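Just so you know, we're using UniProt numbering here: the sequence shown kicks off at 1 and counts up by one.
Think of the CB as a built atom: it goes at the ideal place given N, C-alpha and C, for glycine as much as any other residue.
These numbers come from a predicted model, not from an experiment.
Report on one structure; see the data block that follows.
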Amino acid sequence: MKSKARVLDPQGPFLQAWNKIFVISCLISVSVDSLFFYAPAVDGHNNCLYLDDNLEKIASILRSLTDIFYLLRIIFQFRTGFTASSSRVFGRGILVEDKIEIAKRYLTTYFLIDFLAVLPLPQVFVLLVRPHLQGSEIMTEKNILMLIVICQYVPRLVRIIPLYIQITRSAGTVMDTAWPGAAFNLLVYILASHVLGALWYILAIQREDTCWREACNGQDGCDLASLYCGSTVFGNNTFLQDACPTNGGADIDPIFGIYLPVLQNVSQSTGFLAKLFYCFWWGLQNLCSYGQNLKTSTYIWENLFAVFVSTSGLVLVALLIGNVQTYLQSTYGHIEEMRVKRRDTQQWMAHRLLPEYIKERILRHNQYKWQETQGVDEEDLLINLPKDLRRDVKRHLCLSLLMRVPMFENMDDQLLDAMCDRLKPMLYTEGSCIIHEGVPVNEMFFVMRGTLESMTTNGGKMGFFNSNVLKGGDFCGEELLTWALDPMSGSNLPSSTRAVKTLSEVQGLWPPSTGGSTANSSGTPSDFTHINGGPGLLASYRQLGTGTAGRR
Numbered sequence: 001m002k003s004k005a006r007v008l009d010p011q012g013p014f015l016q017a018w019n020k021i022f023v024i025s026c027l028i029s030v031s032v033d034s035l036f037f038y039a040p041a042v043d044g045h046n047n048c049l050y051l052d053d054n055l056e057k058i059a060s061i062l063r064s065l066t067d068i069f070y071l072l073r074i075i076f077q078f079r080t081g082f083t084a085s086s087s088r089v090f091g092r093g094i095l096v097e098d099k100i101e102i103a104k105r106y107l108t109t110y111f112l113i114d115f116l117a118v119l120p121l122p123q124v125f126v127l128l129v130r131p132h133l134q135g136s137e138i139m140t141e142k143n144i145l146m147l148i149v150i151c152q153y154v155p156r157l158v159r160i161i162p163l164y165i166q167i168t169r170s171a172g173t174v175m176d177t178a179w180p181g182a183a184f185n186l187l188v189y190i191l192a193s194h195v196l197g198a199l200w201y202i203l204a205i206q207r208e209d210t211c212w213r214e215a216c217n218g219q220d221g222c223d224l225a226s227l228y229c230g231s232t233v234f235g236n237n238t239f240l241q242d243a244c245p246t247n248g249g250a251d252i253d254p255i256f257g258i259y260l261p262v263l264q265n266v267s268q269s270t271g272f273l274a275k276l277f278y279c280f281w282w283g284l285q286n287l288c289s290y291g292q293n294l295k296t297s298t299y300i301w302e303n304l305f306a307v308f309v310s311t312s313g314l315v316l317v318a319l320l321i322g323n324v325q326t327y328l329q330s331t332y333g334h335i336e337e338m339r340v341k342r343r344d345t346q347q348w349m350a351h352r353l354l355p356e357y358i359k360e361r362i363l364r365h366n367q368y369k370w371q372e373t374q375g376v377d378e379e380d381l382l383i384n385l386p387k388d389l390r391r392d393v394k395r396h397l398c399l400s401l402l403m404r405v406p407m408f409e410n411m412d413d414q415l416l417d418a419m420c421d422r423l424k425p426m427l428y429t430e431g432s433c434i435i436h437e438g439v440p441v442n443e444m445f446f447v448m449r450g451t452l453e454s455m456t457t458n459g460g461k462m463g464f465f466n467s468n469v470l471k472g473g474d475f476c477g478e479e480l481l482t483w484a485l486d487p488m489s490g491s492n493l494p495s496s497t498r499a500v501k502t503l504s505e506v507q508g509l510w511p512p513s514t515g516g517s518t519a520n521s522s523g524t525p526s527d528f529t530h531i532n533g534g535p536g537l538l539a540s541y542r543q544l545g546t547g548t549a550g551r552r
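And the structure:
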């Protein structure tokens, strides 16, 4: 039993929450990996390239922190059950909890991808290999590090995309509410801009490095080692300013193309934040414009990168707009539905030539109902719940109000459940008359919230008037109880001795008189005891009365 308790259900709340955290951590880890691209820089005074050691160490530490989430992911995968395909004949299927079977399945599917994604290769190069390199070997390490980071993007993205699809398929969305969901999709777009800007920076440095190498090979007495700061070989590299100029003012630079702005502005900067935000702005700007402002040279890899920028911008903008629209529709869909219902109601009232005071009451009632329910049909939600769960919800909503009636305190649980099941929510606006004095009473009303006035003239006697206030927890229409408990009462419903009128907006519960529960003009219940094929509220009263009479 202990072994089974440790196996996680892939559809359970813990893994559902963990998967969302892991997706966000994956996105952050991809953006952290991009920090390695900012390590190379240009020494404009000596015309040489160098690597920022402090930035590489900080990036390595941050990368190690994000790798913790990948390690936890691997551990959880060895503890996550799965549904056998052979058991999906009926319903959801049977969850396999055998750890050996779980391990076999994971090792033959996504383990290799997760293992490649979590390998600390950048940290090994920076902390162990880098200190032993000098001169041109440093730039070789730069190329290997760039290749490792880009290659590790592949297994990380391979794991993010299916997991994102799985979350949205099982939970509907990554975030449960609209604004966090929209913020999540905006975060994806911003991180993509950051990664794109970092790629632009490292490719610009790579392009300048290539240009310098070509110029050095064509220059007599130039040693390639002199192009890298910290080398023991020194040389006069001033010719590089003429061979690979970065101060050109041409509309399209024939050498550096789209990389010219970064080489002119931030490649020689020692401030990391200046590089980061400048390149981030370039990435965001070109994703939004689909790369339309890019003016490339004839360099093949530069043109391929421009195509990648344009395609990525098109896809990401479409996903951002579509996902944000989906999240916002979940919030504002009910508002639009309310607007349409209000328009239809106004058209109907105009067609029926209703007087203004009735129109105002109808609109006020609909507005109050919207404020209380936000367009949610409570009864529709309850009817789709399992019977036992619906009973528990009804008990939570209604039982405390029923128990405020002294006659119900010792009632059988089955009768109480029957009464709770019949009670429905009802809203009244200020000034509504719930019960009229002298009119047959065919229902009780239990007040949940609001204030009502109960008043009587004692049958219309001259000069007689009495009133009291009803609040949350009170009830009215108790004449129906007295009539139901009296075995000698006739078939006609009792007349109300009081009139009940709302003094404010009121929310309460009442048993609706639908179908066979309507009373005729003489006040006689028409098959009141059988509603929707089962015992109604009045039947519960009668059963209570019979039981009480029997006890007497």
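Identify, in the order they occur along the chain, each residue of the same chain with its Cβ nearer than 8 Å to the Cβ of residue i, setting aside the five sequence neighbours on each side.
| i | result |
| --- | --- |
| I148 | L121, P122 and F125 |
| residue 566 | The structure shown does not extend to residue 566, since the chain is modelled only from 1 through 552, so no value can be given for it. |
| S60 | P122, Q123, V126 and L127 |
| L15 | L8, D9, F76 and T80 |
| I100 | none |
| L314 | Y290 |
| D417 | R391, K394 and R395 |
| F445 | M426, I434, I435, F475, C476, G477, V500, G508, L509 and W510 |
Using only the alpha-carbon positions, how far apart do residue i and residue j sit?
| i | j | result |
| --- | --- | --- |
| A243 | L119 | 41 Å |
| R422 | P512 | 7 Å |
| I75 | F82 | 15 Å |
| A318 | W301 | 26 Å |
| N442 | R498 | 14 Å |
| W483 | V447 | 21 Å |
| T529 | L399 | With a pLDDT of only 35 at T529, under the threshold of 50, the placement of this residue in the model should not be trusted; the figure read from the coordinates follows. Roughly 21 Å separates the two Cα atoms. |
| L65 | Y164 | 22 Å |
| L493 | M403 | 24 Å |
| S226 | C48 | 7 Å |
| P406 | L452 | 21 Å |
| T246 | W282 | 18 Å |
| F272 | Q206 | 18 Å |
| H351 | R342 | 14 Å |
| V89 | V23 | Its pLDDT being 44, under 50, V89 is placed unreliably by the model, and the measurement read from it follows with that caveat. In a straight line, the C-alpha of V89 is about 31 Å away from that of V23. |
| G515 | R73 | Residue placement at G515 cannot be trusted, given a pLDDT of 40 that sits under 50; the coordinates are not used to answer. |
| L145 | V307 | 24 Å |
| T298 | I255 | 8 Å |
| L191 | R63 | 16 Å |
| C216 | T326 | 56 Å |
| P131 | E97 | 48 Å |
| W18 | Y70 | 12 Å |
| C211 | N54 | 27 Å |
| D344 | Q371 | 19 Å |
| L304 | T238 | 31 Å |
| Q346 | D377 | 21 Å |
Could you pull the DSSP bridge partners for residue i from this structure?
| i | result |
| --- | --- |
| Y428 | V506 |
| A117 | Bridge partners of A117: none, in fact. |
| L470 | L452 |
| D43 | C48 |
| S495 | P440 |
| K501 | C433 and E453 |
| C476 | F445 |
| L95 | T83 |
| L8 | T80 |
| Y70 | Y70 pairs with nothing; no bridge assigned. |
| Y228 | L49 |
Would you mind working out which of the options sits nearest residue i, comparing C-alpha positions?
| i | options | result |
| --- | --- | --- |
| N366 | L427, M411 and L385 | L427 |
| L316 | L116, P13 and Y189 | Y189 |
| N293 | N265, G257 and K471 | G257 |
| I58 | D33, R73, L71 and F78 | D33 |
| I102 | I21, R6 and G431 | R6 |
| K275 | L353, E437 and L35 | L35 |
Just to confirm my understanding: we take residue i, look at its own chain, exclude 5 residues before and 5 after, and list those with CB closer than 6 Å. What are they?
| i | result |
| --- | --- |
| M488 | none |
| C151 | none |
| N286 | V309 |
| L107 | none |
| E56 | A39 and V126 |
| C229 | D43, C48 and Y50 |
Just confirm the distance between the C-beta atoms of residue i and residue j, as a whole number of angstroms; I'd bet it's less than 8 Å.
| i | j | result |
| --- | --- | --- |
| K424 | W510 | 6 Å |
| I202 | F37 | 4 Å |
| V500 | G450 | In fact, because the Cβ distance is near 12 Å, the residues do not count as touching under 8 Å. |
| G473 | L401 | 7 Å |
Looking only at its own chain, which residues have a Cβ that is under 7 Å from the Cβ of residue i, when we skip the five neighbours before and after it?
| i | result |
| --- | --- |
| G197 | C279, F280, W282 and G283 |
| L263 | A204, E208, T246 and F256 |
| S193 | F280, G283, L284 and L287 |
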